[in-house]
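Engineer: At position 109 of the sequence shown (counting the first as 1) the number is 195 in the working numbering, and the numbers step up by one without a gap.
For glycine and all other residues, C-beta sits at the position ideal for the given N, C-alpha and C.
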Amino acid sequence: MEQSNHFKTYLALIGAVVFWGLSFVATKIALEDFSTFTLIFIRFALASCVFFALMLHFGFPKFTRKEHGKLLLMSLFEPGLYFIFETVGLQHTTAPKAALIIATVPIAVTILGTIFLDERTNMASIMGISISFVGIAVLVVGDPQFSWDLGGALLGDLLIFGAVISAAVYIICARDVGQNHSALEITSVQCVYGVIFFAPAFL
């Protein structure tokens, strides 16, 4: 039974990684036919429909007014700023590079947690962060299309880094909310806020 649960967990994680990676490629392709804000709005409108169906089955989440206020603030960073930076950034850089840069979100969370929450960071973590930054620098500067012109690939890379910071701020802010509510509940509300956030630009 325990092995079966482990298998399901690993299978779910693999599925999440696959869909996460494909999202960058799909966004890159979709940008050929849709404007930035139209694409983001459609993305969250469809996601909200899916989560609404799930909530009909599992029950709608109950948040306090204070929690709703924090969720609204969090939504400014993600999905708000995060998806603006990511989607616009993909117009200027490649999907594989964007995915690798976005993968540094845990590093950004560690750095922000150390600076603003006084969380301890051991030497191994510091070395890992340093090596990661060197790797990203090589990835960005080593790109054959790289130039110091802010209108080229560098702009896309910087925008993707903006998405990284936005996601890290969101994760830091979400910690206490996540203690009282499931990831499904938080994500469903965030999708609704995402639709509201991007609706004016879409219309």
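Could you give the first and the last residue of the continuous alpha helix (DSSP H) run that contains residue 129?
Structural biologist: Per DSSP, residue 129 belongs to the alpha helix (DSSP H) from 122 to 144.
Engineer: Give, in chain order, every unbroken run of the alpha helix (DSSP H) that is at least 4 residues long and sits entirely within the segment 180 to 268.
Structural biologist: As far as the segment 180 to 268 is concerned, its whole alpha helix (DSSP H) runs of at least 4 residues are 181 to 188, 191 to 202, 209 to 227 and 239 to 260.
Engineer: What is the residue span of the alpha helix (DSSP H) that residue 296 lies within?
Structural biologist: This structure cannot settle anything about residue 296, because the visible part of the chain is limited to 87 through 289.
Engineer: Residue 245 to residue 172, Cα distance in whole Å?
Structural biologist: Each residue's alpha carbon lies about 7 Å from the other.
Engineer: Residue 167 and residue 252 - do their beta-carbons sit closer together than 8 Å?
Structural biologist: Taking 8 Å as the Cβ cut-off, residue 252 and residue 167 qualify as a contacting pair.
Engineer: Using the three-state DSSP reduction, which class does residue 118 fall into: helix, strand or coil?
Structural biologist: In this structure, residue 118 counts as coil in the three-state DSSP scheme.
Engineer: If you draw a straight line from the alpha carbon of residue 212 to that of residue 193, how long is it in whole angstroms?
Structural biologist: Distance between the alpha carbons of residue 212 and residue 193: 10 Å.
Engineer: Identify the continuous alpha helix (DSSP H) that holds residue 152 and give its terminal residues.
Structural biologist: Looking at the DSSP string, the run of the alpha helix (DSSP H) that includes residue 152 is 151 to 161.
Engineer: Please report the distance separating the alpha-carbon of residue 101 from that of residue 190.
Structural biologist: C-alpha separation (whole angstroms): 20 Å.
Engineer: For residue 195, I'd like the list of residues in its chain whose CB is within less than 6 Å of its CB, leaving aside the five on either flank, ordered along the chain.
Structural biologist: Around residue 195: 254 and 257.
Engineer: Compute the beta-carbon to beta-carbon distance between residue 157 and residue 276, rounded to the nearest angstrom, for a pair I have assumed lies under 8 Å.
Structural biologist: Contact holds; Cβ gap of about 7 Å.
Engineer: When we look at the beta-carbon of residue 165 and count the other beta-carbons within 10 Å, is it buried (16 or more) or exposed?
Structural biologist: Under this definition residue 165 is a buried residue.
Engineer: For residue 269, which of 204, 147 and 207 has the nearest alpha-carbon?
Structural biologist: Selected option, being the one with the closest Cα: 147.
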